[in-house]
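The sequence shown begins at 58 in the working numbering and counts up one residue at a time. Glycine included, every Cβ here is placed at the ideal spot set by N, Cα and C. Keep in mind the model is a prediction, meaning the values are calculated, not measured.
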Amino acid sequence: MPQNSSGHGSSDRDRIKNITEQVDEASSERAERRQARQAHMKSLEKRRKIRARRKLRSFITVCLVCLIIAGCVLSVMLLRSVRSGSNHDAAGISAYEGGDYEEALKEFNQALSYDSDNADYLTHIGMAYVGQKAYEEALGNFRQALDSAADERQKALAARGEGLALMYQGEYEKSQEAFEQALGYAADDKDIQADVLSYEVQALKAAGQNEKAVDACTKLISLSDSADRRVMRGMLYEELKQYDKAEEDLNTAAGMSRKDYSIYLSLYDVLSAQGKKDQAEAVLNDAVSMAGSSGKDCFYKGLLYCRMSDYAHAGEMFDKALDKGYEPALLGKGQAAMEQKDTGSAEKYYAQFFENESVDKLSPGLAARACSQYAACLIEKGDYEKASQMCQKGLDLNDTGSEQALTFNLIVSYEHLGKWEDACNLAKSYTEKYPDDEAGKKEYTFLQTRV
């Protein structure tokens, strides 16, 4: 029994052992399969991440390529846009310099269509409007340019333009503020400073503020001395009756520019005002004896002889100038005739000048003086309608040097035409601009009784 029991127990143990081993083997196989599955999953996950990274890299690469291409295209388009705008701006400047303000506006606006905030283009548009005497439109563009300006130079030029538009509107005080603003912006640019100061002198003189004009002119001379600037200040000193200072400036100017005959005319007036008759005559004699023989030289020598009341020699000089093709000599012949009370001949010479010569081709100063002389002649002849037209033509040239005489003659013309209200309104503004002109005051007082 025990043996049977023992053998029987051994058999059970062996069976249990086998079963246990089989279970362990099965467990091991399951573990191995699980590990294999896990390893496979890890491998799949790794390959998935690699593929994802590759896709991401490919996507990023494509994006970068697209961005580079887009950047290149944008750069090319921007370059073409800038170039196109610049080309239109250059064409506008060329038209402006030729006096074709309508074409200039067209080109400048085309340039602006490529760069709507370009302060230079806006300023150029403003200057073209000034050329057309459309001052309100000009001011709008100058102020927009000032807001869009990227640097001090652009701000200075925009403020300068604003000052010009205001000056030509007769807003002298406001124009001076704009010019001062421009000078502040142009603190490091002597060229812009000099340009702005030259206009500020004109505005101050037109406003009757000659002392301030002298100060501005002195600043201008300190930047760079020249004969023109010395003459400018000398004539301002003459207006202030500071003849000794005027004489000094004009003598300096004559030394700088020996053949500028206009200097000698001014110097003669200054010396005469001081009672220096012999010196004054010597100046004119020296000037007419200079060697110049061009049409322009003969014209100015004729004016010098007029100042000497030597009308025979004056006529010879004017005729020589005409023979050389210098048409403004007709103005000299007209002036000489007026001084000799020969209004009929004077009218003939002035009419011939305006028939032969395009005023637009002359400098604004010479053209305005021509209009002023002809208007004065027409008033003497009693042709007030034509005189008023000539005065308006001269005023449209915006020459501050002739503005006072043209405005006064326009008032006289309106008065004789019975345009009392127009004459009175103009006389009121005239006395405000030129408060020291006694003739203007009397005219305004008289006209107030007629409206």
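Specify, as a first and last residue, the run of the alpha helix (DSSP H) that Lys490 falls within.
Segment 477 to 490, the alpha helix (DSSP H) holding Lys490.
Report the residue ranges of all alpha helix (DSSP H) runs contained in full by the segment 376 to 458; include only those spanning at least 4 residues, in chain order.
386 to 396, 400 to 413, 421 to 438, 441 to 452
Apart from the five residues just before and just after Ala378, which ones in its own chain have a Cβ nearer than 6 Å to its Cβ?
Gly352, Cys355, Phe356, Ala386
Taking the beta carbon of Ala337 as the centre, do at least 16 other beta carbons fall within 10 Å, making it buried, or is it exposed?
With 16 or more Cβ atoms within 10 Å of its Cβ, Ala337 is classed as buried.
Starting from the N-terminal side, write out each stretch of the alpha helix (DSSP H) that is 4 residues or longer and does not extend beyond the segment 175 to 226.
176 to 188, 192 to 205, 209 to 225
Looking only at its chain, what residues have a beta carbon closer than 7 Å to the beta carbon of Glu460, apart from the 5 residues adjacent to it on each side?
Ala263, Leu452
Starting from Ser232, trace the alpha helix (DSSP H) in both directions and tell me its first and last residue.
229 to 242
Which of the three DSSP states is assigned to Gln250 in this structure?
Note: Gln250 maps to helix in three-state DSSP.
Determine the contact status of Asp456 and Ala425, defining contact as a CB-CB distance below 8 Å.
yes
Please report the straight-line C-alpha distance between Gln299 and Lys247, rounded to a whole angstrom.
Roughly 29 Å separates the two Cα atoms.
Please check the pair Leu221 and Leu254, which I expect to be a contact at CB under 8 Å, by giving their CB distance rounded to whole angstroms.
That belief does not hold up - the Cβ atoms of Leu221 and Leu254 are roughly 13 Å apart, past 8 Å.
Helix, strand or coil, according to DSSP, for Val508 in the structure here?
Correct three-state label for Val508: coil.
Can you tell me the Cβ-Cβ gap for Leu534 and Cys448, rounded? I've got them flagged as a contact below 8 Å.
Nothing can be reported for residue 534, as the shown portion of the chain is limited to 58 through 508.
Let me check understanding here. Comparing Cα to Cα, which of Asp306, Gln392, Gly382 lies closest to Ala371?
Gln392
In the DSSP assignment, find the unbroken alpha helix (DSSP H) run with Ala264 in it and report its ends.
Under the DSSP assignment, Ala264 falls outside any alpha helix (DSSP H); it carries neither an H nor an E label.
Starting from Arg287 and walking both ways along the alpha helix (DSSP H), at which residues does that stretch end?
Note, Arg287: alpha helix (DSSP H), 284 to 296.
Mind checking which residues open and close the alpha helix (DSSP H) that includes Ser170?
Segment 158 to 171, the alpha helix (DSSP H) holding Ser170.
Roughly how many angstroms lie between the CA atoms of Val271 and Ser170, to the nearest whole one?
43 Å
Could you check whether Gly155 and Val184 sit closer than 8 Å to each other, using their CB atoms as the reference points?
Sequence check: residue 184 is Met here, not Val. The Cβ atoms of Met184 and Gly155 lie no closer than 8 Å to each other.
Counting C-beta neighbours from all protein chains within 10 Å, is the total for Glu442 16 or more, i.e. buried, or is it exposed?
exposed
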